[in-house]
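Below is one structure, written out as structure tokens; the observations come after it.
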Amino acid sequence: MISKDIPLIGFTLFCQLSVGTLILYNLIIFLPTFRNKSHLPSHFKAIPVLAFAFAIIAVLFSVFHLGRPVKAVLTLENMSSSWLSREIFMMMIYLFFSGLFTLFIFVMSGWKRLMLVMLNLATISGIILIFFMSRIYSSMPIPAWQSLFNFLNFAATTLATGGILLLLIQIQSGSLSGQQSLAWILGIVLLLEILFIPIFLSYLDQNSHASQLSLKLLLEDYTLIFYFRLGFQLLSLGLISIAIVNIRSDTDRCKRLLWPVIGGTFFIFLNEIFGRILFYAIEVPLGSL
Amino acid sequence: MKPLDRRKFIKTSGLIGGSVSLVPGFAADLFGLTPGQAVIGDLPSEGWIRVGCPAHNCGGRCLLKVWVKDGLIARIETDDRPTDDLSDPQLRACVRGRAYRRRQYHPDRLRFPMKRVGKRGEGYFERISWTEALSLMAKKLTEIRNKYGNEALYIPYGTGSYSQTNGRWPAVRLLNILGGSLKYYNSYSWACISKATPTVFGTGITGNQRQDWLNSKFILMWGWNPAEMRDGTNTEYFLKKARERGARIVCIDPRKTMSAVALADEWIPIRPGTETAMMSAMAYVMIQENLIDREFIKTHCIGFDNSQMPDGYEEDESYSDYILGTIDNIPKTPEWAEAITGIPSETIARIARQYGSIKPAMLYQGYGMQRRAYGEQPVRGGCVLAAITGNIGIHGGWASGIAHQPGGTPFWNIFPMKKNPVKAAIPTFLWSEAVIRGTELSAKEGLSGVDQLSTNIKFIWAVASNALINQHSNINRTAKILEDESKVEFLVVQDQFLTPTGKFADLLLPACMQFETWGLEDGWKYGDEVILMPQVVKPAFESRSDYRICADLAREMGVYEEFTEELDERGWTKKLWNSYKSNRFPDIPDFEQVVKSNQGVYSLPVHEPKISFENFAKDPVKYPLKTPSGKIEIFSPALKELGQADEIPPIPKYIQEWESPFGPEKDRFPLQAIGPHYMGRVHSTFDNVDWLQEAFPQRIFINPIDAEPRGIKEGDNVVAFNDRGKLKLPCRFTQRILPGVVSIPQGAWWEPDKKQVDIGGSINVLTSEKWTPLAFGNAQHTIMVDIKRVR
Amino acid sequence: MSQYGFYIDSSCCSGCKTCQVACKDKNDLDQGMMWRRVYEVSGGSWEQRPNGGWNPQISTYNLSIACNHCEDPACVDACPTKALYKDSEKGFVLIDPEKCVGCRYCEWACPYGALQYNEDLGIMTKCDFCKDYLEVGNEPSCVSSCPLRAIDYGELSELQEKYGLVSQVHPMPDPKLTKPSLVIGPHRESETAKINKARIANLEEVKND
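For the protein sequence lines, the chains are Y, G and R, in the order given. Going by the numbering used here, the first sequence runs without a break in its numbering and finishes at 1001. Going by the numbering used here, the second sequence runs without a break in its numbering and finishes at 792. Going by the numbering used here, the third sequence runs without a break in its numbering and finishes at 320.
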């Protein structure tokens, strides 16, 4: 049931968008400026704010997923065995560090080293958060979720959504730093996403009867969403390839990439939303044939 | 002025772990009851009360234990008597009884009397007072009686809610006091089997008490499905025990029913309507391999072969002649039967050998196969197989046929209805004929008691009856008949819900639930017990008991004292309870004592089960049967004398049905449709109960072999149709049905859309009003349809 | 610590759902919630002979499943609030409604579909073994409801001694996952169910969402 899953779709996607944005911001923007001891352009200050805002939106979504949100604090009770407790804990750590870093940008921008530590901590907790998130699902007796694909899927979403957002901001603001790397990362992630599809399908076909039912759901009940998603992936890969080929140290030329990148953003987001819908849709528990 | 809203249930809050409060608060609000209101007579106002499960035409009579709190039934448990011995097993209620609160506290319950506004059948009503309702009814009753006479009055077959004191009995009593009403005979359940069994045995008491099943070594459940319907509380349990005792059980049925799954060792799918072909082929094998009891045949039967044809019929075709094909040149071999029944010839031969050689053996016939075109034939055929194998009058055997219990069948009505001054009686299935052309009916249509009716039916008082529209054949036809106000001039429906029949009422009277009045019930077809049904809660809204409604009308008609004998519902229950003392259970405790003890049930343990025909089997000369010959009539001279050998042969024969996969009709409608009982319903009763809809949604069950060529996928909406009507339902794929047959469980409430397509899924939009030749019974299972996918 | 469990006799279960509805009545469960569910497992094929006879190859049986009060319950592990816990006295898997936040992760974690979400209360609910009945010496409602006397309950080790060790038939999940406290009297056709590709034939009747 998709309606029941909307809060989870929102939560996971915004979390991953937030973490992806922050990781790539760290690698592509913050770290180079720190190394070069160059000045951080002021419009880049907005990016951590965005990442933090995405995380907050994610939290809001997650609240809608609870039957009794007022008691949300209780969810930290079972760190010893519940991946959900662990995930929520990691979410709080991530919020703490990314929030602190965001605060530093504005009030303590001179303390570069401390900021880097904060950002690195936020990045690491973000990566762990994504891993825990994938563990929640792979620990369920639901064969379609019980594989490494889970983590790869979430990681790809993280990099793809974060990456395209950064690229868009950079193209839009005419900044040139790291665009090439971003475009390459995006291209590789999208290519991998597409390449994984047949492998994942054959995994579903091989694993168990429940996973075969997942496969059936994917290809029969959700055919349209499945193929639309594939279309979006191919379209965005095409648009990103245009970007890879055309990105040069030429501001004007880059500006002409704005529309392709806007298109790429649009299709990547659609791709990831559709992908997440499919992720929840194919939940078929073991034993229910 | 609007049709009644079908309001959704107000959601109840689930109670979590060990909560004390048991009462769903919604019900109190909805039913306008205030706490503490329910102090009923001498029963505790709060706590567990043992009460008979409200009686419907389910075939079970069970004991409930209900928790009453604040005037509401807050929980239902079942019989918890500590001993659960087979001599007197607990009367555990089925899924329907356990879901009863959702029926009792259903928002659609009729709340007050209403009269029709708009055209008949449109379903528009307005609220009126009881005073107005009763005087209107009295006025119409008097008018029509004066104009047409009492033969114009009719209280149709109806089993929606009836115990010994509830249902149509009080209404019949009242009309009998007022000069009577047109009678009916037969039922929709077992018209053919009740008529045909005595043609063989001279009686309908052909069964043994169920404890005797444990003595059987081989049980052939032929179209018999006690796991999905109820054929006596605990019948399925007795079968389980018989099997544990070593009986081999084989189930023959077009569907792999839950009886085949849970109770049998083997399932044999058979094409509906071809039972007599299989029976004949079994007889063929048993005759050829000498697996018949020739001695028993010689001493106890007539008509088996040429050596024992009755006087004057020596030249007629004997049973052996038919089976061996000596006259028609068609030996009824298993190969012959395979093409007809769809059963491999080896299987037929194997079952014949088992039935012929494992002793003692039971051939138990279900009633579905006799609600068919020539439903008399398999009944007689089954009885003959039991006879020629000598399984009659012995422990562990079974004579087949209708199989009432020996020694005083419980299936009787003891509410005194008084004598009906009207002599005329029609077969119950032909009531619609009596509406449109009553005065033209004759013995040819089964009219009895008179040569001719003086009038058509003009006044119908349907008490707890949904058999006018929903359960009668060919709904679209019946609806047209009832819509015509010049035919039936006044139609009263007295029920608990606005049923499809209720929508055609001129006057709607709200009857209360059985928990809301006094009653009692004894075992249905089996079971030596009497169950008390004390009033445990007050009638909701303005509803009244069937008895109270009739008493109030009696007052209006000036016969109150004669009708009531100054007894109320409790008074009648007491009188009837105590009457068992003299006629069936000498040791039954006094009524007041039973009420006080809250024991709910009186039962007589069965340690030595009675069997039918015990004396006859031992000495047929000293204890002859009540047949004209005193013997088992394999050949019936009486049937021969009817002179319709094609349709009513004197020996049981396979006759191709009037709608059949072997006739030309198969080109347009290639699928047979059958309407089995559904686990969530008793006929059309309980159809509106959400817990049961959830458990057993109304579907068309179809074999993928039939679905796939039609482009149908599992779960698709499909339309089943023939020339009489259309119904639309989602389909469910199942392997548990013979290819070529679809199942549309009977009893769903008719709900026509704008194009007259029934989206409620009542199979009776497809069934035919054509009756069976001998019993004038309903042949509702004999229909051909096709199915197509729709949006 | 003792461990209680259920015995279900699938060999004679008729799928009548009296247990399911008795449970709903006792616990006031709205439409959509079934603490006990009855699964029809069915599948197979048909073959027609030249002379018209049909040979069915079909496996069918019913399984009445509530909560199996597992020895190693996945739901308890998954629950982030420890609302789900294993009762120390009789090994019941119970839920503390005060602690449950309604995150529904246990619903995924349980391979038997035992956890049921109550929309109105925003929390999960489940079979509590009618422990209030047990305390006053009565049987669980499902047990005393069964017209075929096909459900039993008690100390798991005693049930196993009486009825055997089967706790899984096709297509139920591997019992190693959660160690269900369940004993099944298998239907003879469960042996051929896998070959006949039997599946849950009444899925729409047992799904709770």
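The beta-carbon is built from N, C-alpha and C at its ideal position, and this holds for glycine as well. Note that the coordinates shown come from a computational prediction; the quantities given were computed from them, not determined experimentally.
Per-residue contacts from residue i into chain R (C-beta, under 7 Å)
{"i": "K1004(Y)", "result": "Here chain Y has residues from 713 to 1001 only, and residue 1004(Y) is not among them."}
Beta carbon proximity, residue i to chain R, threshold 7 Å
{"i": "T796(Y)", "result": "Sequence inspection shows Leu at residue 796(Y); the Thr mentioned does not correspond to that position. Chain R contact via Cβ: present."}
{"i": "A263(G)", "result": "yes"}
{"i": "L982(Y)", "result": "no"}
{"i": "R780(Y)", "result": "yes"}
{"i": "A708(G)", "result": "no"}
{"i": "V494(G)", "result": "no"}
{"i": "M259(G)", "result": "yes"}
{"i": "N919(Y)", "result": "no"}
{"i": "N790(Y)", "result": "yes"}
{"i": "I77(G)", "result": "yes"}
{"i": "L998(Y)", "result": "yes"}
{"i": "L904(Y)", "result": "no"}
Test item: CB-CB of residue i and residue j under 7 Å
{"i": "P610(G)", "j": "Q210(G)", "result": "yes"}
{"i": "G116(R)", "j": "V149(R)", "result": "no"}
{"i": "T160(G)", "j": "S613(G)", "result": "no"}
{"i": "R62(G)", "j": "I532(G)", "result": "yes"}
{"i": "K632(G)", "j": "I303(G)", "result": "yes"}
{"i": "F505(G)", "j": "L521(G)", "result": "no"}
{"i": "V720(G)", "j": "K727(G)", "result": "yes"}
{"i": "A309(R)", "j": "S156(R)", "result": "no"}
{"i": "Q142(R)", "j": "E615(G)", "result": "no"}
{"i": "D136(R)", "j": "R99(G)", "result": "yes"}
{"i": "N765(G)", "j": "S433(G)", "result": "no"}
Residue i, DSSP secondary structure in three states
{"i": "Q673(G)", "result": "strand"}
{"i": "A480(G)", "result": "helix"}
{"i": "C217(R)", "result": "helix"}
{"i": "F687(G)", "result": "coil"}
{"i": "R711(G)", "result": "helix"}
{"i": "A512(G)", "result": "strand"}
{"i": "E245(G)", "result": "helix"}
{"i": "N216(G)", "result": "helix"}
{"i": "Q728(Y)", "result": "helix"}
{"i": "T236(R)", "result": "strand"}
{"i": "P744(Y)", "result": "helix"}
{"i": "L894(Y)", "result": "helix"}
Closer than 7 Å to chain G by CB, residue i
{"i": "V132(R)", "result": "yes"}
{"i": "L314(R)", "result": "no"}
{"i": "W146(R)", "result": "no"}
Outcome for residue i when other beta-carbon atoms lying within 10 angstroms are tallied against a minimum of 16
{"i": "A39(G)", "result": "Because A39(G) sits at a pLDDT of 40, beneath the cut-off of 50, its placement in the model cannot be relied upon, and the point is left open."}
{"i": "V782(Y)", "result": "exposed"}
{"i": "V118(G)", "result": "exposed"}
{"i": "E932(Y)", "result": "exposed"}
Beta carbon proximity, residue i to chain Y, threshold 7 Å
{"i": "T94(R)", "result": "In the structure displayed, chain R extends from 112 to 320; residue 94(R) sits before or after that span and is not available."}
{"i": "P284(R)", "result": "yes"}
Closer than 6 Å: residue i CB and nearest the ligand GTP heavy atom
{"i": "K308(R)", "result": "This structure lacks the ligand GTP, and indeed carries no ligand of any kind."}
Contact list for residue i against chain R, beta-carbon separation under 8 Å
{"i": "S346(G)", "result": "N162 and G164"}
Amino acids of chain Y, ordered along the chain, whose beta-carbon sits closer than 9 Å to that of residue i
{"i": "Y216(R)", "result": "S794, W795, L796, I848 and M852"}
{"i": "A177(R)", "result": "In chain order: nothing, as chain Y lies at least about 15 Å away."}
Contacts of residue i in chain G (Cβ-Cβ under 8 Å)
{"i": "Y118(R)", "result": "Near Y118(R) there are no residues of chain G at all, since even the closest Cβ is about 15 Å away, more than 8 Å."}
CB contact check: residue i to chain C, cutoff 7 Å
{"i": "E695(G)", "result": "Absent from the structure: chain C. Protein chains present are Y, G and R."}
Per-residue contacts from residue i into chain G (C-beta, under 7 Å)
{"i": "K135(R)", "result": "W692"}
Contacts that residue i makes with chain R (C-beta to C-beta distance below 9 Å)
{"i": "E276(G)", "result": "What E276(G) touches in chain R: nothing, since even the nearest Cβ is about 16 Å away."}
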